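Working notes for the structure below.
Number of protein chains: 2
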Amino acid sequence: MIKKAELAEPPVEMPGEAAQAQRFEKARSAQASAVLEDYVELIDDLLMSAGEARPTDIARRLGVTHATAIKTITRLKREGLATSKLYRGVFLTQEGRELAERVRARHRLVVDLLRAVGVPEQCAELDAEGIEHHVSDTALAAFARFLKRQNVSS
Amino acid sequence: MIKKAELAEPPVEMPGEAAQAQRFEKARSAQASAVLEDYVELIDDLLMSAGEARPTDIARRLGVTHATAIKTITRLKREGLATSKLYRGVFLTQEGRELAERVRARHRLVVDLLRAVGVPEQCAELDAEGIEHHVSDTALAAFARFLKRQNVSS
DNA sequence: TTTAAAATGTAGCATAGGCTACAAAAAAGC
DNA sequence: GCTTTTTTGTAGCCTATGCTACATTTTAAA
Chain A
1 MIKKAELAEP PVEMPGEAAQ AQRFEKARSA QASAVLEDYV ELIDDLLMSA
51 GEARPTDIAR RLGVTHATAI KTITRLKREG LATSKLYRGV FLTQEGRELA
101 ERVRARHRLV VDLLRAVGVP EQCAELDAEG IEHHVSDTAL AAFARFLKRQ
151 NVSS
Chain B
155 MIKKAELAEP PVEMPGEAAQ AQRFEKARSA QASAVLEDYV ELIDDLLMSA
205 GEARPTDIAR RLGVTHATAI KTITRLKREG LATSKLYRGV FLTQEGRELA
255 ERVRARHRLV VDLLRAVGVP EQCAELDAEG IEHHVSDTAL AAFARFLKRQ
305 NVSS
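If you read the sequences in order, they're chains A and B. Take the first sequence: its position 29, counted from the start at 1, is 29 in the numbering used here, and no numbers get skipped. Just remember that the numbering used here sits 154 ahead of the position in the second sequence, which is counted from 1.
As C-alpha cells, this is what we get:
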C-alpha cells in the first residue's frame with residue numbers, strides 16, 4: 001500500500017470528497033422515487049384518458065407483470081399517494097395528483113429541451129423517461145428560460 | 155368496472171402502448187448499469203489521481219459503507235470489469251478502462267450541455283450524476299453538435 | 001517487538017423491484 | 001343461469017443495494 005505521506009495529498013480531507021458523496025447520495029434517492037413517479041404519472045394519464053386505472057393496464061403500459069404492478073401500487077398506498085378499491089381500480093390522493101402534475105410538467109420540459117438542442121423526437125421521448133427523475137428544480141427553471149429565449153428568437 | 159365498449163377506444167391494442175413499455179424497460183436497464191458505471195469511473199479516477207483505488211476510499215467517495223462497496227466490487231469482478239488483490243486495491247480490466255473512458259466523456263458532455271443551456275455550474279454537476287446514465291449515444295451526439303454550434307457562434 | 005489503529009472481508013438483515021405459479025373473484029359470453 | 005375468460009390478489013423466489021456487527025489481517029506507532 002502507498003503511504004499517504006508519499007502522495008503529497010492535502011493533509012485534511014478535502015471537502016470535495018464529501019460533496020461527491022452527496023452527489024451520489026442525491027442520485028440514489030432520486031432513483032428511489034423514480035418508480036413511484038412513473039406510476040403516479042401513468043395512473044393520472046389513465047384516469048384522464050380512460051376514466052379508470054386498473055392494475056392490469058398499468059402493468060401492461062409499464063412492461064411489467066401485474067404482480068409487480070400490484071406490489072408497487074401497495075407501496076403507493078402506503079406512502080399516501082394512491083388509494084384503491086378491489087376491482088374498482090386505482091385512484092390518486094390529493095398528494096398523488098399534485099405529484100403527477102409536477103412530474104408531467106417536468107417530463108414535457110425535459111423533452112422540449114432535448115428537442116431544442118437537436119435530439120431527434122423519438123430519442124428525446126425515450127431518453128427523457130430516465131433523465132426526468134434526475135432534473136432538479138433549478139435545472140428545470142434554466143430549461144424553461146432557455147426554451148423561452150429560443151422561441152422568442154425564432 | 156367500465157366496459158370497454160362504452161369507452162369507444164380503438165378496438166386493437168395501440169402500438170403506442172408497447173412503445174411506452176419499451177421506454178420504461180430501457181430506463182430500468184439503464185438504471186441497472188448506473189451503479190457499475192459510477193464505480194468504474196471512480197476507480198479510474200482514483201487510480202489516476204492517487205495511484206490506487208482502495209475499497210475504503212471508494213466507499214467514502216460514494217457515501218456508502220465499506221461493506222456495500224466491497225459487495226459491489228465483487229459484482230464488478232464477476233462482470234469482468236475489475237480485478238482486486240487482497241490489501242492491494244482494485245484495478246480495472248481492459249473492458250473496465252474502456253467503460254470508464256466512455257462514462258467520463260459522457261459525463262463531461264452532459265455537464266457542458268447543462269451549462270450551455272444556463273444551468274448553474276454546481277447544479278449541473280449535481281444533476282449530471284443522475285442524468286448521465288440515461289443519455290443515449292444519439293442524444294450525446296446531438297449534445298456535441300449543439301455545443302459545437304454554440305462555441306462557433308460565440 | 002508488541003500493541004493499537006486502520007483496512008478488509010464476511011454474515012445476516014432490510015427494502016425495492018423484478019419474476020412465476022397458484023387461488024379467488026368479477027365480467028363476459030353462451 | 002352457467003361456464004369461460006379476465007382481472008385481481010397472494011405466496012414465494014431472485015438480484016441489487018443499502019445497512020450493522022463481527023472477524024481478520026495489514027499497517028502504523030510506541
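Beta carbons are placed, not taken as given, at the ideal position from N, Cα and C, and that holds for glycine. It should be emphasised that the depicted structure is a prediction, and the values quoted were computed from it without experimental measurement.
Own chain, CB closer than 6 Å to residue i, minus 5 neighbours either side, in chain order
i      : result
B:V110 : Lying before the first or after the last residue shown, residue 110 of chain B is absent from chain B, which here runs from 155 to 308.
A:F146 : none
B:I156 : Since pLDDT at B:I156 reaches only 35, below the 50 mark, its modelled position is unreliable, and no value is offered.
B:A236 : L230, V244, L246, G250
A:R54  : G89
A:Q150 : A116
A:L47  : A53
B:L253 : V194
C-beta atoms of residue i and residue j nearer than 8 Å
i      : j      : result
B:I212 : B:L246 : no
B:A206 : B:G243 : Correcting the residue type first, residue 206 of chain B is Glu in the shown sequence and not Ala. Yes, they are a contact pair.
A:E101 : B:R214 : no
B:I285 : A:I131 : yes
A:E121 : B:A181 : no
Other residues of its chain near residue i: CB distance less than 7 Å, five sequence neighbours each side excluded
i      : result
A:A139 : none
A:V103 : E37, V40, E41
A:T56  : H66
A:R106 : E132, V135, L140
A:T72  : V35, Y39
B:E163 : Low per-residue confidence applies at B:E163: pLDDT is 38, beneath 50, and the placement is therefore not dependable enough to give any value.
Cβ-based neighbour list, residue i, same chain, cut-off 8 Å, excluding 5 preceding and 5 following
i      : result
B:P165 : Because the pLDDT of B:P165 is 38, which lies under 50, any placement of that residue in the model is unreliable, and the number read from its coordinates should be weighed accordingly. Excluding positions up to five away in sequence, the list is empty.
B:E279 : V265
B:A184 : H287, H288
B:F297 : L263, V264, D266, L267, V289
A:A32  : none
B:Y241 : none
B:V273 : D281
B:C277 : L268
>> So, does the region 226-235 of chain B touch the region 259-268 of chain B, judging by three or more C-beta pairs under 8 Å?
In response: no
> Going along the chain, which residues of the region 90-121 of chain A sit with their C-beta nearer than 9 Å to a C-beta in chain B?
Replying inline: L113, L114, A116, V117, G118, V119, P120
>> Measuring CB atoms only, is the region 216-227 of chain B touching the region 176-184 of chain B, in the sense that at least three cross pairs come out at less than 8 Å?
In response: no
> Mind listing which residues of the region 125-136 of chain A have their C-beta closer than 8 Å to chain B's C-betas, in chain order?
Replying inline: E125, L126, D127, E129, G130, I131, H133, H134, V135, S136
>> Threshold first: 3 residues or longer. Then list the beta strand (DSSP E) segments lying entirely within the region 62-143 of chain A, N to C.
In response: 82-84, 90-92
> Looking at chain A, which residues of the region 187-198 of chain B have a Cβ within less than 8 Å of any of its Cβ atoms?
Replying inline: A188, D192
> In the region 55-69 of chain A, which residues sit with their C-beta less than 7 Å from some C-beta in chain B, listed in chain order?
Replying inline: R60, R61, L62, G63
>> Counting only Cβ-Cβ distances shorter than 7 Å, please list the residues of the region 221-240 of chain B near chain A, keeping chain order.
In response: none
> Taking only runs of the alpha helix (DSSP H) that begin and end inside the region 165-203 of chain B, which ones reach a length of at least 4 residues, in chain order?
Replying inline: none
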